[in-house]
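Chains as they are written, first to last, in the working numbering: chain G, 341 to 516; chain E, 3 to 192. The structure under discussion appears below in the form of structure tokens.
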Amino acid sequence: MTAVLISLAAIFAELSLLAFGGGNTILPEMQRQVVDIHHWMSARDFSAMYALAQAAPGPNMMVVTLVGWRVAGWPGVIVTSLAKFGPSSILTGIVLKLWQRFKDRPWRRIVQQGLVPMTVGLVAASAALITQASDHEWSLAVITAACALVAVTTKIHPLWLLAAGALAGLSGIGLS
Amino acid sequence: MDAASAAPTDVTIPEPPTIGALFTSFLGLGLIGFGGVLPMARRMIVEKRRWLTEAEFTDLLGLCQFLPGGNIINLSVAIGLHFRGVAGAVASLVGLIAAPSAIVIMLGVVYDRFQDDPRVQHLFAGLAAAAAGLLIAMAIKIALPLRTRPVAIVIAALCFVAIAVLRLPLLPTMIVLASLSIFATWRWQS
């Protein structure tokens, strides 16, 4: 149990400091660690956890808490939360004091702009991996495609699309 | 009509929020913010509580977007720290994630308990498929502004292949590609 908690702490502390561009960029690495390396859950379970976290209110990093809970119960929740939110928060605190000095420097804009393609590549990778793990039936692929299309072309609130997807799933059409 | 409304409106309230106020405000934010807390955060911090001016908020958000971690997580820490030091930062962060943590764990319990019921399985499968669709939409939306930047497209594509196809670890991929991307931005764009 202690070994699992130490692994969780190490994984999420690293992810905490690599999450440039927000939580969705680190999903592939989280999935690789949790599913491929440590075999704590299946890829399908991981994408279910991700979906549950998206259906809940609050910041979109809550999948972290759920993974911790699934793997190691309450101690897992505490360890993953501390590891995920601690390091990046401490960094924010440190940089806050220096921010006034460098926010207008040209290199700040260059670094920030340079990170944008990484964010795009990582979010696209997240989308590919989560889709692959979620859509094990043709009808689910239809739900995914429809949600993506509506979300790109309209300004509808994402929660409605999640609800519609859940209802479409509940109808059982095309599902075994 | 009273004296207070005649006062200039472009100044923040002189009295900084207490630790308790930071906690309860972010607790409320965590509960109402579905699918992105940021617009709600701006309304609460700038318009409702007047802790920061519009300009201060935008400036602080710039910092939070620059650093790793969720924008809103970093923002709660920065605001807490700004007004009440480390205790304020902890109160804001814990306030923000307390309710969502409890809710996702409850959902996790439901998932675990009923995952053998085919109807619940179907419901969660549909939910996961919809969440995947939202991620695809997000990827498309953030990729569109890159279409006039060929170097950026190449780097985004390399990053996608490395992570999604080759399943390489994030840290080395990030070090190599981020350095390359920042160098390219510096060399050809600014």
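Where is the CB? At the ideal position from N, CA and C, for every residue including glycine.
The closest CA to that of residue 396(G), considering only 57(E), 70(E), 108(E), is found on 108(E). If you compare the alpha carbons of 18(E), 17(E), 187(E), 34(E) with that of residue 455(G), the shortest gap goes to 187(E). Proximity to residue 76(E) across 86(E), 85(E), 65(E) peaks at 65(E), based on C-alpha coordinates.
Around the beta-carbon of residue 444(G), fewer than 16 other beta-carbon atoms lie within 10 Å, marking it exposed.
For residue 425(G), the closest of 73(E), 145(E), 85(E), 87(E) by C-alpha to C-alpha distance is 73(E).
At least 9 angstroms separates the CB of residue 118(E) from every CB of chain G.
When the five nearest sequence neighbours on each side are left out, the beta carbons in the same chain lying within less than 6 angstroms of the beta carbon of residue 153(E) are those of 186, in order along the chain.
Short of 7 angstroms from the beta carbon of residue 386(G), and not among the five residues preceding or following it, lie these beta carbons of its own chain, in chain order: 371, 374, 375, 473. Contact of residue 352(G) with chain E is not assigned, every C-beta pair being separated by 9 angstroms or more. Inclusion of residue 361(G) and residue 157(E) in the CB contact set at 9 angstroms is not warranted, their separation being larger than that value. When the Cα atoms are used, residue 495(G) and residue 343(G) turn out to be separated by approximately 45 angstroms. Fewer than three beta-carbon pairs drawn from the stretch 129-146 of chain E and the stretch 410-421 of chain G are found closer than 8 angstroms, and the two stretches are therefore not classed as touching. With respect to chain G, the C-beta atom of residue 27(E) has no partner C-beta closer than 9 angstroms.
In this structure the stretch 464-472 of chain G does not lie against the stretch 104-121 of chain E, because fewer than three pairs of beta carbons, one per stretch, are closer than 8 angstroms. The beta carbon of residue 423(G) sits closer than 6 angstroms to the beta carbons of 349, 352, 353 from its chain, once the five residues preceding and following it are set aside; these are given in chain order. If you look at residue 405(G), you'll find it in the alpha helix (DSSP H) that goes 403-442. Ranked by Cα distance from residue 479(G), the options 140(E), 133(E), 150(E), 128(E) are led by 128(E).
Taking the CA atoms as reference points, residue 406(G) sits about 7 angstroms from residue 110(E).
Under a criterion of Cβ atoms nearer than 8 angstroms, the residues of chain E adjacent to residue 443(G) are, in order, 61, 64, 65. Within chain G, the residues whose beta carbon sits less than 7 angstroms from that of residue 187(E) are 450, 453, 454, listed in sequence order.
In the three-state reduction of the DSSP assignment, residue 171(E) falls in the coil class.
Contact between residue 28(E) and residue 94(E) holds: CB atoms are separated by about 5 angstroms, below the 8 angstroms threshold.
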